[in-house]
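Accompanying notes for the structure given below.
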Amino acid sequence: CGSGACISVAYEYDNFQKLIIAFTDGTKRESNIFPAPDSLRSRFNVYVNENSLTVEPTEVIPGTASWTRTDAWVSLLIILTLEMLAALAYLIYAQKPFTVLYSVAVGNILSTAAAWVIFVQFVKETALLWLFCLLAEALIIRLMNPRKMPMKDALTLSVTMNVTSYSLGMIISFWLAPLIF
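In this text, residue positions in the sequence shown follow this note's numbering: the first is 1236, and each later residue adds one.
Structure, rendered in structure tokens:
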């Protein structure tokens, strides 16, 4: 946290939250218990008074859509890099042509854009968004490589990529996010 903003990173939050701030003078203040909105992005107004700390949920700032945020672009780059490396490893192992990597990149960008821009408005469960990306990427890989990638191989490749990026992404988001964002 800084003087004007604070960030919290998690995939799932409990329904109710409490904010505890420790100040440099050693004092601590605890907020009221407040409802955590059922959304991937939330914004709160925090009021720090002499003897109290109050948190109120508010609307997300206009103009902060996923694609206008620096952290979204950094996340997309990290996801794309991890999934391309996982795909490369799979293609070497399965002795498939490297030209399949083009469809991996296209599938990743299209599925991520659909999940982050469109479906996130209707689906709040990250597991369902992840499953959508997994299936959409497999389908795109298959459709772009009909002679090189049977559906079984496209699904195996997509599972390999998505499990890799999800697992390593969790590590990155919780260890490195405070440094990056």
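We put the beta carbon where it would ideally sit given N, CA and C, even for glycine.
Q) Thinking C-beta only, is alanine 1362 closer than 8 Å to methionine 1393? A) One-based indexing of the sequence shown puts residue 1393 at position 158. One-based indexing of the sequence shown puts residue 1362 at position 127. The question names methionine, but residue 1393 in the sequence shown is serine. It is not a contact, given that the beta carbons lie outside the stated cut-off.
Quiz item: How long is the line joining the alpha carbons of alanine 1324 and glutamine 1330, rounded to whole angstroms?
Solution: One-based indexing of the sequence shown puts residue 1324 at position 89. One-based indexing of the sequence shown puts residue 1330 at position 95. Answer to the nearest angstrom: the Cα atoms are 10 Å apart.
Coarse secondary structure for leucine 1390, derived from DSSP in three states: One-based indexing of the sequence shown puts residue 1390 at position 155. Helix at leucine 1390.
(request) Leaving out five residues on either side along the sequence, give the residues of the same chain with a beta carbon under 7 Å from the beta carbon of phenylalanine 1354. (result) Indexing the sequence shown from 1 puts residue 1354 at position 119. Around phenylalanine 1354: Leu1364, Phe1367.
*Give every residue of the same chain whose Cβ lies closer than 7 Å to the Cβ of isoleucine 1375, excluding the five residues on either side of it in the sequence, and list them in chain order.*
Taking the first residue of the sequence shown as position 1, residue 1375 is located at position 140. Excluding positions up to five away in sequence, the list reads Ser1338, Val1341, Gly1342, Leu1345.
Candidates Lys1253, Ala1257, Asp1260: closest to serine 1266 by CA position: The sequence position of residue 1266 within the sequence shown is 31, counting from 1. Of the candidates Lys1253, Ala1257, Asp1260, the one whose C-alpha sits nearest the C-alpha of serine 1266 is Lys1253.
Quiz prompt | Simplified DSSP assignment, three categories, for asparagine 1425 | solution = As shown, the chain starts at 1236 and ends at 1416. That puts residue 1425 outside it, with no answer to give.
message = I need the DSSP call for valine 1358, collapsed to helix, strand or coil.
response = Taking the sequence shown and counting its residues from 1, the one referred to as residue 1358 is at position 123. The answer is coil: DSSP assigns valine 1358 none of H, G, I, E or B.
- Task: For the alpha helix (DSSP H) containing alanine 1213, list its first residue and its last residue.
- Result: Outside the shown range of the chain (1236 to 1416) lies residue 1213, about which nothing can therefore be said.
Proximity winner among Ile1314, Ile1256, Thr1334, relative to methionine 1379 (alpha-carbon distances): Along the sequence shown, read from residue 1 onward, the residue named residue 1379 stands at position 144. Of Ile1314, Ile1256, Thr1334, the residue nearest in Cα terms is Thr1334.
Review point. Taking the alpha-carbon positions, what's the alanine 1321 to valine 1352 distance?
Key: Your numbering for residue 1321 matches position 86 in the sequence shown. Your numbering for residue 1352 matches position 117 in the sequence shown. Answer to the nearest angstrom: the Cα atoms are 25 Å apart.
Indicate whether valine 1281 and valine 1290 have their beta-carbon atoms separated by less than 8 Å. On the sequence shown, position 46 is the one that residue 1281 refers to. On the sequence shown, position 55 is the one that residue 1290 refers to. Cβ distance < 8 Å, so valine 1281 and valine 1290 count as in contact.
Item to complete: To the nearest angstrom, report how far apart asparagine 1286 and phenylalanine 1279 are at their CA atoms.
Response: Mapped onto the sequence shown, residue 1286 falls at position 51. Mapped onto the sequence shown, residue 1279 falls at position 44. Roughly 19 Å separates the two Cα atoms.
- prompt: In terms of residues, what are the limits of the beta strand (DSSP E) holding arginine 1382?
  reply: Mapped onto the sequence shown, residue 1382 falls at position 147. That residue, arginine 1382, is in no beta strand (DSSP E); it is neither H nor E in DSSP.
Closest residue to threonine 1293 among Phe1269, Tyr1401, Asp1260 (Cα-Cα distance)
Locating residue 1293 in the sequence shown gives position 58, where the first residue counts as 1. Answer by Cα proximity: Phe1269.
### Whole-angstrom distance between isoleucine 1256 and isoleucine 1407, CA atom to CA atom
The residue labelled residue 1407 in the question sits at position 172 within the sequence shown. The residue labelled residue 1256 in the question sits at position 21 within the sequence shown. Distance between the alpha carbons of isoleucine 1407 and isoleucine 1256: 25 Å.
| task | From the DSSP output, in three-state form, read off glutamate 1265 for me. | result | In the sequence shown, the residue the question calls residue 1265 occupies position 30. In this structure, glutamate 1265 counts as strand in the three-state DSSP scheme.
Could you give the C-beta distance for threonine 1347 and leucine 1311, rounded to a whole number, given that I count them as a contact under 8 Å?
Numbered from 1 along the sequence shown, position 112 holds the residue referred to as residue 1347. Numbered from 1 along the sequence shown, position 76 holds the residue referred to as residue 1311. Indeed they touch by this definition, with Cβ atoms about 6 Å apart.
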